[in-house]
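S.K.: Handing you a structure now.
In the numbering used here, the protein residues as written are 504 to 580.
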């Protein structure tokens, strides 16, 4: 079970690093610092809580998209 947690943690860190680099155009310049900070956050919050939060955000984004497309269709009529 410990290996699975380690893999999840590694995937989260990789995703965080990718998003931060993408949003701030860092091109990997601060990868070690991003890893260190994300490690601290993951240890404090927990892998499972982060994954649950991601699911909630994804569900809300999906719902928002559906509502937005429904409003767009109504305005065309």
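Yeah, the Cβ is synthetic: ideal placement off N, Cα and C, and Gly gets one too.
1) Considering only the beta carbon of each residue, do residue 502 and residue 515 sit closer than 8 angstroms?
2) So residue 534 packs on residue 520, CB below 8 angstroms; how close in whole Å?
3) Determine the direct distance from the alpha carbon of residue 522 to that of residue 529, and round the result to whole angstroms.
4) Residue range of the alpha helix (DSSP H) that residue 528 falls in?
5) Here's a check: name, in chain order, each residue in its chain whose Cβ is nearer than 7 angstroms to the Cβ of residue 524, leaving out the five neighbours to either side.
6) Starting from the C-beta of residue 505, find all residues in its chain whose C-beta is less than 7 angstroms away, skip the five residues before and the five after it, and write them out in chain order.
M.R.: In short:
1) Here the chain has residues from 504 to 580 only, and residue 502 is not among them.
2) 6 angstroms
3) 10 angstroms
4) Run containing residue 528: none; DSSP gives neither H nor E here.
5) 530, 531
6) none
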